[in-house]
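Residue numbers (my numbering): 620 to 886.
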Amino acid sequence: MNEVVGSHDLLLITLDTLRYDVAAELAAAGRTPRLASRLPGGVWDERHAPGSFTYASHQAMFAGFLPTPAAPGPHRRLFAARFAGSETTAAGTYVFETPDLVSGLAAAGYRTVCIGGVGFFNKRGPLGSVLPGYFQESHWEPEFGVPSPTSFEAQIDRAEKVIAGLAPDRRLFLFVNVSALHQPNWFHLPGATREAGDSRATHAAALEYVDRHVDRLFTAMGDRAPTFAIVCSDHGTAYGDDGYTGHRLGHEVVWTVPYTHFFLEAR
620 MNEVVGSHDL LLITLDTLRY DVAAELAAAG RTPRLASRLP GGVWDERHAP GSFTYASHQA
680 MFAGFLPTPA APGPHRRLFA ARFAGSETTA AGTYVFETPD LVSGLAAAGY RTVCIGGVGF
740 FNKRGPLGSV LPGYFQESHW EPEFGVPSPT SFEAQIDRAE KVIAGLAPDR RLFLFVNVSA
800 LHQPNWFHLP GATREAGDSR ATHAAALEYV DRHVDRLFTA MGDRAPTFAI VCSDHGTAYG
860 DDGYTGHRLG HEVVWTVPYT HFFLEAR
């Protein structure tokens, strides 16, 4: 990462609440072809989330603790704050001198931009201002939020404007929190109703919706500059699994998340 930081733009996309099992099944079935085309062998990396809900997980990720491979470690991290005794900081790790990755990249000359999605990014109160407050520039509109059936399209519209307005020689760290997977998501499945509510199937339909539009964002970033992209979930969610519903709980479907990273260049 020491060769990437400074020479490449950086893109971090969190597919908020996306379950690993749903992501893996859809990729294998050919239902998310655009995302699958970016995965090594068309397969998501199975990882463990650093938190069981959005706020906790993003606090950890912004400190350099991305989802951890679901296998015995230790596992080298891509980014890490300088911290004595760290067993996951290695020669290839980009080490920053600030408390968080976002300010570390700003200190390295990056323009840091957040395009929020779920309520923890809505800037409507002190709690919703903490995570976007890490960034030099942050955006949130109701159209980006959980209840909107076109949230991801609206987020990409804003991202394209941000990308187009930045000087070509300025490096960019763009973070996008995708809200479409989060409950409520019933409206992404044709024939589903508000009364029937959300389900694993509507969660899957929401991922298909994201997949239909994600190449717009990849193209905008790759056309601007060579980009290193990370796409992952911050946590999963339960739909009646073993009697559990939702997240902020210690079930396997909450802790197990999909992850990948790759390079983007103009095509």
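Even glycine gets a Cβ: it sits at the ideal position worked out from N, Cα and C.
Query, Result
"Proximal residues to A646 (C-beta, below 8 Å), its chain only, five neighbours per side dropped", "L654, A655, L658, G661, V662, W663"
"Those runs of the beta strand (DSSP E) which lie wholly inside the segment 829-853 and span at least 3 residues", "846-851"
"Residue-level contact to chain C via CB, D860, 8 Å cutoff", "In summary, chain C is missing from the structure at hand, where a single protein chain is found."
"Contact belief for V721 with T731 at Cβ below 8 Å, rounded distance in angstroms", "5 Å"
"Residue span of the alpha helix (DSSP H) that contains Y674, given as start and end", "673-681"
"Closest residue to A642 among A725, T821, H870, L631 (Cα-Cα distance)", "T821"
"Cβ distance (whole Å) where H801 is taken to contact T636 below 8 Å", "4 Å"
"Sequence-distant residues of the same chain with beta carbon closer than 6 Å to Y878, five excluded per side", "D664, R666, P686, C851"
"CB-CB length for T673 against F754, believed under 8 Å", "So it is not a contact: roughly 16 Å between Cβ atoms."
"CA nearest to the CA of D628, picked from H758, P787, V797, D830", "P787"
"The segment 754-764 / the segment 713-720 touching (three or more Cβ pairs under 8 Å)", "no"
"Sequence-distant residues of its chain with Cβ nearer than 6 Å to C733 (five each side left out)", "P751, F754, S757, F794"
"Three-state class that DSSP yields for A646 in the structure shown", "helix"
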